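Residue numbers (our numbering), protein chains in the order written: chain A, 1 to 142; chain B, 143 to 582.
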């Protein structure tokens, strides 16, 4: 296998951190000597995601529009069983996979809720299984 | 109730070796990508024309590894047959090893979907019992990968492998050395890792049918009748961990072998030769990457009826230059090639690889080869930058032009189709995370 674990861990996601950018001006403009002393951090660390448990999905439709997730956005998700109520999750519900808010009703039963007032909550008829938690949304422009 | 069986060893875990074996690995990776495939019979291998991996549902329907598409459709008409997506399978494979490495540094990547790990002395560090460690490994794989695996724990690699096979799919079996005899008593000796067909036949001839019969044999008998690998297996069954874990990635090869199957099969001399040259070129690329040369090599072409024709040849001087190999094998190829027969597989192997390029023969072809070696170093540099086969031999053009399978266009893996690329991805490069497509 030519893809090494190292590629995932260090090369691809290592970005030099150059200080905070303000619109119109740079704070802490990098000079060469300073760059040497700057530590680099993984994009994975920045996003606080376990890259070896992560997958990508793409959004179809506007069911999560009020959560700022638009049609065609790329989702970085982490497969985990350590989810919390209120997380945006990828869940399997009655044979369908979907991205929604994870909610709990008064009886303590889990259900899914869209971030779109036009869409009704999804209450599982047979089963609901949380597969992954959304960690980041990637949107490219241009 | 069984009568009390004699123990093979007094200690349960002198060493603690885990074996993780993914169940239905390739099919399971595809089922993770697409929910519509879950719970259905799925086979991988459409581009080869045979099943290389089957989902549990397909196995239950009677589909076995190596079955042709026609047979699959006969035994299980609803079976979904998909092409292999080695890129995604590779990503999942790396995950498997990385998850296991969180519990021990000593991990042997045994194959794409199997690994061993030595967790001896990890109990205090992880603050877990051996049982908890293996339960956690299995849980992490199940949750983080979504695919299913079987895990075995034993005092040796051989016993760990028996443990992981004990209950499948999704099993977790622990074989302490003290109780190994109960797991070996009904296990046919041929099912033991490291016992091949010939050894099995030999042992059967001596009245040894089960793994326990074998393990109970006396040491003097074993040494008198068997060779080192089988003696090691015997020791391993008795709880002595003699097979060590190969935890370093392989950077030394004794031989390099490249083989390619293409569809549809062909009776075209130029086409088959071109495909053969491509595997020679690939083997040489790999040899050069590890700075190895060889003068002993073999090639073969396999007919559509699975008959092999080939030659083993020897060069004057070890090289890693495809032109030298191709020049040497061309006359033999012409001799065995029969235009009345359809061929489906080409194969090329280099043996007895060494790091030395040998003495330069100033009067022979040595100078020319030294010159070509400089050219190939430059070609490797260019190909490293622009992609494999950016510069290639003219003779392999045919093989590159059409891909390995005519279906490469019709049978393209889901991830390789342009409609399933993410922004910025190209035919050659895609992001190194599994992509599962659209979700509503």
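Don't be surprised by glycine CBs; every beta carbon is placed ideally from N, CA and C. Every value quoted in this text rests on a predicted model; they were computed, and no experiment measured them.
Backbone CA spacing between residue i and residue j [nearest angstrom]
| i | j | result |
| --- | --- | --- |
| residue 87 of chain A | residue 74 of chain A | 17 Å |
| residue 180 of chain B | residue 193 of chain B | 18 Å |
| residue 83 of chain A | residue 69 of chain A | 19 Å |
| residue 287 of chain B | residue 219 of chain B | 29 Å |
| residue 460 of chain B | residue 451 of chain B | 24 Å |
| residue 59 of chain A | residue 578 of chain B | 11 Å |
| residue 289 of chain B | residue 469 of chain B | 47 Å |
| residue 390 of chain B | residue 402 of chain B | 28 Å |
| residue 120 of chain A | residue 485 of chain B | 59 Å |
| residue 386 of chain B | residue 259 of chain B | 10 Å |
| residue 115 of chain A | residue 232 of chain B | 35 Å |
| residue 136 of chain A | residue 575 of chain B | 14 Å |
| residue 407 of chain B | residue 126 of chain A | 48 Å |
| residue 518 of chain B | residue 426 of chain B | 10 Å |
| residue 140 of chain A | residue 564 of chain B | 10 Å |
| residue 526 of chain B | residue 237 of chain B | 25 Å |
| residue 269 of chain B | residue 282 of chain B | 17 Å |
| residue 227 of chain B | residue 568 of chain B | 16 Å |
| residue 490 of chain B | residue 418 of chain B | 7 Å |
| residue 310 of chain B | residue 273 of chain B | 18 Å |
| residue 210 of chain B | residue 182 of chain B | 19 Å |
| residue 572 of chain B | residue 487 of chain B | 29 Å |
| residue 349 of chain B | residue 253 of chain B | 33 Å |
| residue 138 of chain A | residue 47 of chain A | 11 Å |
| residue 512 of chain B | residue 524 of chain B | 19 Å |
Residue i - DSSP class collapsed to helix/strand/coil
| i | result |
| --- | --- |
| residue 476 of chain B | helix |
| residue 439 of chain B | strand |
| residue 259 of chain B | strand |
| residue 221 of chain B | coil |
| residue 450 of chain B | strand |
| residue 406 of chain B | strand |
| residue 244 of chain B | coil |
| residue 141 of chain A | coil |
| residue 491 of chain B | strand |
| residue 355 of chain B | helix |
| residue 40 of chain A | strand |
| residue 464 of chain B | helix |
| residue 100 of chain B | One cannot answer for residue 100 of chain B here, as it falls past the ends of chain B, which runs 143 to 582. |
| residue 51 of chain A | helix |
| residue 111 of chain A | strand |
| residue 649 of chain B | It is not possible to answer for residue 649 of chain B, since the shown part of chain B is limited to 143 through 582. |
| residue 485 of chain B | strand |
| residue 152 of chain B | coil |
| residue 377 of chain B | helix |
| residue 121 of chain A | coil |
Boundaries of the beta strand (DSSP E) in which residue i is found, first to last residue
| i | result |
| --- | --- |
| residue 128 of chain A | 128-138 |
| residue 91 of chain A | 88-93 |
| residue 159 of chain B | 159-164 |
| residue 316 of chain B | 314-316 |
| residue 253 of chain B | 249-253 |
| residue 102 of chain A | 96-104 |
| residue 76 of chain A | 74-79 |
| residue 186 of chain B | 184-186 |
Close Cβ partners of residue i (< 6 Å) along its chain, the five nearest in sequence each way excluded
| i | result |
| --- | --- |
| residue 5 of chain A | Caution applies to residue 5 of chain A, whose pLDDT of 40 falls short of 50 and renders its modelled position unreliable; the model cannot decide the point. |
| residue 256 of chain B | 163 |
| residue 398 of chain B | 425, 428, 429 and 492 |
| residue 556 of chain B | 562 |
Contact set for residue i: own chain, Cβ-Cβ below 8 Å, skip 5 residues either direction
| i | result |
| --- | --- |
| residue 497 of chain B | 433, 434 and 435 |
| residue 250 of chain B | 257, 258, 259, 387, 388 and 389 |
| residue 570 of chain B | 529 |
| residue 117 of chain A | 66 |
| residue 241 of chain B | 279, 282, 283, 286 and 287 |
Limits of the unbroken alpha helix (DSSP H) element including residue i
| i | result |
| --- | --- |
| residue 341 of chain B | 339-347 |
| residue 287 of chain B | 272-287 |
| residue 171 of chain B | 167-175 |
| residue 362 of chain B | 361-367 |
| residue 324 of chain B | 322-326 |
| residue 423 of chain B | 411-431 |
Close beta carbons around residue i, own chain, < 7 Å, minus the five adjacent residues each side
| i | result |
| --- | --- |
| residue 395 of chain B | 432, 434 and 495 |
| residue 174 of chain B | 288 and 289 |
Q. Taking contact to mean at least 3 C-beta pairs separated by less than 8 Å, is the segment 345-354 of chain B in contact with the segment 315-326 of chain B?
A. In short, these stretches touch, since the Cβ pair count reaches three.
Q) Per the contact definition of three or more C-beta pairs closer than 8 Å, is the segment 127-139 of chain A in contact with the segment 84-103 of chain A? A) With the rule of 3 Cβ pairs closer than 8 Å, the segment 84-103 of chain A counts as touching the segment 127-139 of chain A.
Q: Would you check if the segment 195-207 of chain B and the segment 164-175 of chain B touch, i.e. whether three or more CB-CB distances between them fall below 8 Å?
A: Segment contact: the segment 164-175 of chain B against the segment 195-207 of chain B, three or more CB-CB distances shorter than 8 Å; contact assigned.
(Q) With a threshold of 8 Å, are at least 3 pairs of Cβ atoms found where one atom belongs to the segment 477-484 of chain B and the other to the segment 522-530 of chain B? (A) Segments in contact, no.
Q: Could you tell me whether the segment 289-307 of chain B touches the segment 373-382 of chain B, where touching means 3 or more Cβ pairs closer than 8 Å?
A: A contact between stretches requires three or more CB pairs, one per stretch, nearer than 8 Å, and the segment 289-307 of chain B meets this requirement with the segment 373-382 of chain B.
Q) On the three-pair Cβ rule with 8 Å, is the segment 413-426 of chain B touching the segment 438-451 of chain B? A) They touch, by the three-pair rule.
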